[in-house]
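Structure, as structure tokens:
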Amino acid sequence: MPVTKRDYYEVLGLTREADDQQIKSAYRKLALQFHPDRNPDNKESEEKFKEAAEAYSVLSDPQKRAAYDRFGLQGVQSMGGAGSFDPSAFDLSDILGDFFGLGDLFGNQRQRRNRPQRGEDVRYDLEIQFENAVFGLTAEIQVPRSEICNRCEGKGAEPGSGPTTCSTCRGRGEILFQQGFLSVRRTCGNCGGRGQIIKTPCSECRGQGYRPMQRKIKVDIPAGVDNGTRLRLSHEGEPGPNGGPPGDLYVVLKVKEHPFLERQDYDLYCSIPINVAQAALGDEIEIPTLEQPHKLKIPEGTRTGAEFRIRHKGVPHVNSHGCGDLVVQVEVTTPTKLTREQKRLFEQLRETLPTDNKPNEKGLFEKVKDYFM
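Just add 14 to the spot in the sequence shown (first one is 1) and you have our numbering.
Right, here's the structure in full:
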């Protein structure tokens, strides 16, 4: 008893009003779901895959679809269609070649391999002084990267010779072989999908077409950069395969620490020691900066930890106007070694300064106690 075939529209889950794109999408979904490579040794999945392929082979052909819509299965059989459907002759590369990354399974790799491609980006770490990060500089660096071989001009073959057609794939870059009930194309392992073989490789680059070189490049580092800043130099990376554009060079900066200055965003911070006399009486001191020394006035009665902000003595804004500030924090230092004269003067000073331990004066604890009584 002959097996009754299901309606092709039903197989693909479509109505008879479906357009070409809907037919293609429906088949693509089923083919990926039931493909034998995803369902090894599964007879049911194999049959569903064959059924979907047969339905698509008819409905994707305008003449066969018209005959099927009008006369059914018999109309297609009269055209050499459904009844004589040969899955092994049905090429899936066009419909599934690039879908979900299955290009290697279904071919179409040679075109991508031989197509001009963008070169890889290159990273170079550059350490600079703190002052260079603040004021900027032009640095000359040596970047290791590949350069086109001068001997073979990037062709990979000795001068006077050239590539020959691959005998394995006959220049196609792919090999067609039988896998189950269908034909599958794979990248040629002999030529790597290029379709050509270099029999006499260049003696300089050994057939690669490129040679490792050290290239000198000038880098303009703008004022105000910080640790970790990335500078992009267009087209200074690796050359692109098959004549494609080169990649980019990224210079990543590492800024050395400063002996006494600390950076926070665009402001600079430093700590300056002063003695008790300067703190009590006030003074004018010189503050070292990255440029000329700056005179700072210390008012009377300054306490340790006091901060003074010097405008526009910080870090310039990168590629912009404006500049940060320099913040100076003073630390009042207590002398540990005194001369006899200094000790005598401090003793006289002690007798004249008020203290909290005299009987006629209330200490801090007593004042707090009275406040809450």
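Ideal placement from N, C-alpha and C gives every residue a C-beta, glycine not left out.
{"Query": "Cutoff 8 Å; reference Tyr224; Cβ partners in own chain excluding five residues on either side", "Result": "Ser160, Glu161, Ile162, Cys163, Gly168 and Pro253"}
{"Query": "Assigned secondary structure, Gln143 (DSSP; H/G/I helix, E/B strand, else coil)", "Result": "coil"}
{"Query": "Sequence-distant residues of the same chain with beta carbon closer than 8 Å to Thr348, five excluded per side", "Result": "Val290"}
{"Query": "Status (buried if at least 16 other CB within 10 Å, exposed otherwise) for Val332", "Result": "exposed"}
{"Query": "Presumed contact (8 Å Cβ cut-off) between Asp279 and Gly336, rounded CB distance", "Result": "Contact flag wrong, Cβ pair sits at about 12 Å."}
{"Query": "Contact under 8 Å by Cβ, Gly209 with Gly176", "Result": "no"}
{"Query": "Same chain only: Cβ atoms within 7 Å of Gly315, ignoring 5 sequence neighbours per side", "Result": "Ala294"}
{"Query": "Test item: CB-CB of Val136 and Ile231 under 8 Å", "Result": "no"}
{"Query": "Phe274, DSSP secondary structure in three states", "Result": "coil"}
{"Query": "C-beta contact flag for Ala45 and Phe63 at 8 Å", "Result": "yes"}
{"Query": "Exposure label - Ala80; buried when at least 16 CB within 10 Å", "Result": "exposed"}
{"Query": "Element boundaries [beta strand (DSSP E), containing Ala153]", "Result": "Leu151 to Ile162"}
{"Query": "Coil, strand or helix - Arg165 by DSSP", "Result": "coil"}
{"Query": "In DSSP terms, what Ala67 is bridged to", "Result": "In DSSP, Ala67 forms no bridge with anything."}
{"Query": "Whole-number beta carbon distance between Gly251 and Asp262, since they are thought to touch under 8 Å", "Result": "5 Å"}
{"Query": "Length of the line joining the Cα atoms of Leu359 and Val344", "Result": "24 Å"}
{"Query": "Nearest to Pro236 (by Cα), restricted to the options Val265, Thr366 and Gln222", "Result": "Val265"}
{"Query": "Candidates Gly133, Gly238 and Arg200: closest to Ala147 by CA position", "Result": "Gly238"}
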